[in-house]
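**Q** Structure below; questions to follow.
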Amino acid sequence: MSRVLIVGAGPAGIRAAETLAGAGLHPVVVDEAARAGGQIYRRPPEGFTRPPEKLYGSEAAKARALHGTFDALVAEGRITHLSGRSVLALRDGVAYVLGEAREQVRHDRLILATGATDRLAPVPGWQAGGVYSLGAAQIALKSQGVALGRRIVLAGTGPLLTLLASQLQAAGAQVAAVLDTAPWRAQLTGGVGMALARPLVTLRGLRLRVGLGRIYHAGVTLERIETDDSGPSAILWRDARGRRHETRCDMVGLGWHLRADGTLADIAGARFDWDRAFHQWLPRADALGRAGEGLYLAGDGLRILGADGAELAGQVAAVACLQDLGLPHPDPAPLLRRLARMRRFAEAMARAFPWPAEAIGRLPDDTVVCRCEGVRAGDLRNTLPLSGPEANRAKSLGRVGMGRCQGRYCQLAGAEIIAAASGRPPSEVGRLRAQPPARPAPIGAWLSEAASECEAEAE
Amino acid sequence: MSAAGFSNGRLVRLAETARAPVGFTFDGEALTGLEGDTVLTAILLSRGALRAAEFGPEARAGFCLMGACQDCWVWQEDGPRLRACSTPLAEGMQLLSAAPAQWPARSA
Chain R
1 MSRVLIVGAG PAGIRAAETL AGAGLHPVVV DEAARAGGQI YRRPPEGFTR PPEKLYGSEA
61 AKARALHGTF DALVAEGRIT HLSGRSVLAL RDGVAYVLGE AREQVRHDRL ILATGATDRL
121 APVPGWQAGG VYSLGAAQIA LKSQGVALGR RIVLAGTGPL LTLLASQLQA AGAQVAAVLD
181 TAPWRAQLTG GVGMALARPL VTLRGLRLRV GLGRIYHAGV TLERIETDDS GPSAILWRDA
241 RGRRHETRCD MVGLGWHLRA DGTLADIAGA RFDWDRAFHQ WLPRADALGR AGEGLYLAGD
301 GLRILGADGA ELAGQVAAVA CLQDLGLPHP DPAPLLRRLA RMRRFAEAMA RAFPWPAEAI
361 GRLPDDTVVC RCEGVRAGDL RNTLPLSGPE ANRAKSLGRV GMGRCQGRYC QLAGAEIIAA
421 ASGRPPSEVG RLRAQPPARP APIGAWLSEA ASECEAEAE
Chain E
1001 MSAAGFSNGR LVRLAETARA PVGFTFDGEA LTGLEGDTVL TAILLSRGAL RAAEFGPEAR
1061 AGFCLMGACQ DCWVWQEDGP RLRACSTPLA EGMQLLSAAP AQWPARSA
């Protein structure tokens, strides 16, 4: 019987596990969080009392269903949940896992549902403590019940910008401004496509936006974040008509939609292609998520379709796995039809809320690009005569992407800067190769006894 | 020492304040968080930052809160560092914004 390992217990990983368990397999699910749910349906620690309606709003029923499904599978002994653990490396059918101790999980097949991170563009001053990703502000609110500042400015673009502002306001936080770099024209043309694919979801987003009233501004140009010893003190920006504004704040949340996290997919041997719609590198996979021998991808780490799309993609990847094992499986056709609609919606959304490629290419030389090590745009530009316009060479010599985040938060912006400086598209600049360990690992973990071995077993 | 639920740091509690207090120290000072707080939450409710940046003059206070950016590593008096955003606060933790004075420790 086949041993299947699933990495990630968000919407995609949970539905993949459910589908495999439904076919009689016993998958092992490794996830970094203490409780399954992923980021969007992240659960607070035990003992917190806000109900899902308060945490997840219109998506509360979906969150309840996912959490309930996963908890039942664990309780019935149909899956094994290895929580609070990171997969550091993958090689020859072994996942090298680190939690309280080291473990090695042997498997025959691997489903990666590793999700996405916020997609970040540098803004001068963003290296200050007190600047966060939009996702961070949402996680803090949902799983800790805290606001990351007293006077908050949210800037960037994408669906999370509006949603988070509404959630913070509803929870009693003070949001001073919501600065969207997407121009109205892009939002209108993209919005039509979104409404055609998913009218109700689009309407819900519009209603939240209208509710923000005068704190929301579209077509904004972000100039810089003013800082003092305690962190951000103001953000300087220009409105769509070019007028300058200064908004006082003590926290700035930044994010330009999402970036698929392909670290483990890369380590597992997936190939990547530049995706023009999502303006980033995405792993290559067939319609069901097959990305290599015994390797399947699902969720936002494969295509950024959001939580509903991830639930479908998780089922579809599990179907592919069952097909390859010659086991009975659900018919993927209806799932694929729904996924196609999610994809139309997501591509229209990418048009509505574009990545500010030109603005990044023009960032002043003293703007920090690599937040880990304080490497500035000028440092990167000065590296190019020596390294040439290739992302990995520029990383080796200029260190953008070499820091602790391993390029997760700087590599897309770094590629735009290299592209603009060398007069070529970012697709030709290349993609940073992922390196194990996928997370920093304390050396002490290797000083203690040998790793325990466990098998992702089957019934 | 800040009372549980009262904030004089970077973060503000908006909900979930009826939890048991958990005592810890940060840079030698006694502070109180609540059961279920992460280390990051507990420190930043009383302080403006977790540590200093290694490559610039700025303070660091976490960035992604989902274990991806590695901005929020703090030290402990007994040695091992921990990622503050994904580590639950535990009673008696002795946390530091910088390496202990005797680091790296010499083995006898």
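Heads up: the sequence lines are chains R and E, in that order.
Just so we're aligned, residue 1 is where the first sequence starts under this note's numbering, counting upward by one.
Just so we're aligned, residue 1001 is where the second sequence starts under this note's numbering, counting upward by one.
Virtual Cβ for every residue (Gly too), placed ideally from N, Cα, C.
Report whether the distance from the Cβ of Val153 (chain R) to the nearest heavy atom of the ligand SAH is below 7 Å.
**A** Looking at this structure, you won't find the ligand SAH or any other ligand, since it has none at all.
**Q** Indicate whether at least one CB of chain E lies closer than 8 Å to the CB of Tyr56 (chain R).
**A** Taking the first residue of the first sequence as position 1, residue 56 (chain R) is located at position 56. No, Tyr56 (chain R) does not count as interfacial toward chain E.
**Q** Check Arg337 (chain R) in the structure and name its three-state DSSP category.
**A** Indexing the first sequence from 1 puts residue 337 (chain R) at position 337. Residue state, collapsed to three classes: helix.
**Q** Can you confirm whether Arg50 (chain R), when its beta carbon is compared against all beta carbons of chain E, has any partner nearer than 8 Å?
**A** Stepping through the first sequence from its first residue, residue 50 (chain R) is reached at position 50. It does; some Cβ of chain E falls within 8 Å.
**Q** To the nearest angstrom, how far is the alpha carbon of Ala12 (chain R) from that of Asp331 (chain R)?
**A** Position 12 of the first sequence holds residue 12 (chain R). Position 331 of the first sequence holds residue 331 (chain R). Roughly 17 Å separates the two Cα atoms.
**Q** Report the rounded CA-to-CA distance for Glu459 (chain R) versus Leu73 (chain R), giving the unit in angstroms.
**A** The residue given as residue 459 (chain R) occupies position 459 in the first sequence. The residue given as residue 73 (chain R) occupies position 73 in the first sequence. Here the model assigns Glu459 (chain R) a pLDDT of 38, short of 50, so the residue's position is not dependable, and the following value carries that caveat. For Glu459 (chain R) and Leu73 (chain R), the distance between alpha carbons rounds to 14 Å.
**Q** Using CA atoms only, rank isn't needed, just tell me which of R:Gly292, R:Ala285, R:Leu295 is closest to Gln302 (chain R).
**A** Here residue 302 (chain R) is taken as the residue at index 302 of the first sequence, counted from 1. According to the sequence shown, residue 302 (chain R) is Leu rather than Gln. Comparing Cα-Cα distances from Leu302 (chain R) to each of R:Gly292, R:Ala285, R:Leu295, the minimum goes to R:Ala285.
**Q** Taking the continuous beta strand (DSSP E) assigned at Met251 (chain R), which residues delimit it?
**A** The residue you call residue 251 (chain R) lines up with position 251 of the first sequence. Looking at the DSSP string, the run of the beta strand (DSSP E) that includes Met251 (chain R) is 251-256.
**Q** Give the residues of chain E in contact with Glu32 (chain R), contact being defined as C-beta atoms less than 9 Å apart.
**A** The residue you call residue 32 (chain R) lines up with position 32 of the first sequence. Within 9 Å Cβ-Cβ: Met1066, Gly1067, Ser1086.
**Q** Please report the distance separating the alpha-carbon of Leu134 (chain R) from that of Ala340 (chain R).
**A** Here residue 134 (chain R) is taken as the residue at index 134 of the first sequence, counted from 1. Here residue 340 (chain R) is taken as the residue at index 340 of the first sequence, counted from 1. About 27 Å.
**Q** Taking buried to mean at least 16 other C-beta atoms within 10 Å of its own C-beta, is Trp184 (chain R) buried or exposed?
**A** Position 184 of the first sequence, counting from 1, holds the residue named residue 184 (chain R). Result: exposed.
**Q** Tell me which residues share the same chain as Leu254 (chain R) and place their Cβ nearer than 7 Å to its Cβ, disregarding the 5 neighbours each side in the sequence.
**A** Start at 1 with the first residue of the first sequence, and residue 254 (chain R) comes out as number 254. Leu120, Val123, Trp126, Val131, Ser133, Leu134, Ala155, Gly156.
**Q** Does the distance from the CB of Thr1038 (chain E) to the CB of Thr1087 (chain E) come in under 8 Å?
**A** Within the second sequence, the letter at position 38 stands for residue 1038 (chain E). Within the second sequence, the letter at position 87 stands for residue 1087 (chain E). Yes, Cβ-Cβ distance for Thr1038 (chain E) and Thr1087 (chain E) is below 8 Å.
**Q** Kindly indicate which residue of R:Gly8, R:Leu325, R:Ala101 has the alpha-carbon position closest to the one of Trp446 (chain R).
**A** Here residue 446 (chain R) is taken as the residue at index 446 of the first sequence, counted from 1. When only C-alpha atoms are compared, the closest one is R:Ala101.
**Q** Check this for me: beta carbons of Leu5 (chain R) and Ala89 (chain R), under 8 Å apart or not?
**A** As a position in the first sequence, residue 5 (chain R) is number 5, starting the count at 1. As a position in the first sequence, residue 89 (chain R) is number 89, starting the count at 1. It is not a contact, given that the beta carbons lie outside the stated cut-off.
**Q** Would you mind sorting Gln138 (chain R) into buried or exposed? The rule is 16 or more other CB atoms within 10 Å of its CB.
**A** Here residue 138 (chain R) corresponds to residue number 138 of the first sequence, with the count starting at 1. Per the 10 Å Cβ criterion, buried.
**Q** Is there contact between the segment 178-196 of chain R and the segment 346-353 of chain R, where contact requires at least three CB pairs shorter than 8 Å?
**A** Output reads yes: the segment 346-353 of chain R touches the segment 178-196 of chain R.
**Q** Taking 8 Å as the threshold (C-beta atoms), are Ala1068 (chain E) and Gly129 (chain R) in contact?
**A** Position 129 of the first sequence, counted from the start, is the residue given in the question as residue 129 (chain R). Position 68 of the second sequence, counted from the start, is the residue given in the question as residue 1068 (chain E). Contact flag unset, no.
**Q** Please list, in chain order, the chain E residues whose beta carbon lies closer than 7 Å to that of Cys410 (chain R).
**A** For the purposes of this step, residue 410 (chain R) is taken as residue 410 along the first sequence, with counting starting at 1. Within 7 Å Cβ-Cβ: nothing; Cys410 (chain R) doesn't reach chain E, min ~10 Å.
**Q** What are the boundary residues of the alpha helix (DSSP H) that Thr227 (chain R) is part of?
**A** By one-based count along the first sequence, residue 227 (chain R) stands at place 227. Thr227 (chain R) -> not in any alpha helix (DSSP H); beta strand (DSSP E) instead, spanning 221-228.
**Q** By the DSSP assignment, the alpha helix (DSSP H) with Ser166 (chain R) in it spans what residues?
**A** For the purposes of this step, residue 166 (chain R) is taken as residue 166 along the first sequence, with counting starting at 1. Run containing Ser166 (chain R): 159-171, per the alpha helix (DSSP H) assignment.
**Q** What residue range does the beta strand (DSSP E) around Tyr132 (chain R) cover?
**A** Start at 1 with the first residue of the first sequence, and residue 132 (chain R) comes out as number 132. First-last of the beta strand (DSSP E) with Tyr132 (chain R): 131-133.
**Q** To the nearest angstrom, report how far apart Gly24 (chain R) and Arg376 (chain R) are at their CA atoms.
**A** The count along the first sequence starts at 1 and reaches residue 24 (chain R) at position 24. The count along the first sequence starts at 1 and reaches residue 376 (chain R) at position 376. If you take the alpha carbons of Gly24 (chain R) and Arg376 (chain R), they lie about 53 Å apart.
**Q** Examine the Cβ distances between the segment 292-302 of chain R and the segment 104-113 of chain R and report whether three or more of them are shorter than 8 Å.
**A** With the cut-off at 8 Å, the segment 292-302 of chain R and the segment 104-113 of chain R touch.
**Q** Since Asp275 (chain R) and Leu282 (chain R) are thought to touch, with beta carbons under 8 Å apart, how far apart are those beta carbons, to the nearest angstrom?
**A** Looking up residue 275 (chain R) in the first sequence gives position 275. Looking up residue 282 (chain R) in the first sequence gives position 282. At roughly 4 Å, the Cβ-Cβ gap stays under 8 Å, so Asp275 (chain R) and Leu282 (chain R) are in contact.
**Q** Measuring CB to CB, does Leu384 (chain R) end up less than 8 Å from Ala420 (chain R)?
**A** As a working note, residue 384 (chain R) is residue 384 in the first sequence. As a working note, residue 420 (chain R) is residue 420 in the first sequence. No, they are not a contact pair.
**Q** Which of helix, strand or coil does DSSP assign to Gly1092 (chain E)?
**A** Counting from 1 along the second sequence, the entry for residue 1092 (chain E) is found at position 92. Reduced to three states, the DSSP call for Gly1092 (chain E) is coil.
**Q** Sorted by chain position, which residues of the same chain lie with C-beta nearer than 7 Å to Leu288 (chain R)'s C-beta, five sequence neighbours on each side aside?
**A** Indexing the first sequence from 1 puts residue 288 (chain R) at position 288. So the qualifying residues of the chain are Val316, Ala317, Val319, Ala320, Pro332.
**Q** Please state whether DSSP places Phe1006 (chain E) in a helix, a strand or coil.
**A** The count along the second sequence starts at 1 and reaches residue 1006 (chain E) at position 6. For Phe1006 (chain E), the predicted structure reports a pLDDT of 45, less than 50, and the residue's modelled location is therefore unreliable. The matter cannot be settled from this model.
**Q** Take the Cβ of Ala298 (chain R) as the centre, count every other Cβ of all protein chains shown within 10 Å, and call the residue buried at 16 or more, exposed below.
**A** Here residue 298 (chain R) corresponds to residue number 298 of the first sequence, with the count starting at 1. Under this definition Ala298 (chain R) is a buried residue.
**Q** Hey, could you find the ends of the beta strand (DSSP E) Asp275 (chain R) is sitting in?
**A** Position 275 of the first sequence, counting from 1, holds the residue named residue 275 (chain R). Asp275 (chain R) -> beta strand (DSSP E) spans 272-275.
**Q** Does the beta carbon of Ala462 (chain R) sit closer than 8 Å to a beta carbon anywhere in chain E?
**A** Nothing can be reported for residue 462 (chain R): it is not among the residues displayed for chain R, which extend from 1 to 459.
**Q** Rounded to a whole number of angstroms, what is the C-alpha to C-alpha distance between Trp1075 (chain E) and Ala1101 (chain E)?
**A** Locating residue 1075 (chain E) in the second sequence gives position 75, where the first residue counts as 1. Locating residue 1101 (chain E) in the second sequence gives position 101, where the first residue counts as 1. Going from the Cα of Trp1075 (chain E) to the Cα of Ala1101 (chain E) covers about 11 Å.
**Q** Where does Trp237 (chain R) sit, in a helix, a strand or coil, going by DSSP?
**A** Your numbering for residue 237 (chain R) matches position 237 in the first sequence. The answer is strand: DSSP assigns Trp237 (chain R) an E or B state.
**Q** Can you give me the Cβ contacts of Glu373 (chain R) inside the same chain, cut-off strictly under 8 Å, excluding the 5 residues immediately before and after it?
**A** The count along the first sequence starts at 1 and reaches residue 373 (chain R) at position 373. Contacts found: Arg399, Met402, Gly403.
**Q** Spatial neighbours of Glu358 (chain R) within its chain, please: CB distance less than 7 Å, with the 5 preceding and 5 following residues excluded, ordered by chain position.
**A** Within the first sequence, the letter at position 358 stands for residue 358 (chain R). Closer than 7 Å at the Cβ level, and outside the excluded window around Glu358 (chain R), lies no residue.
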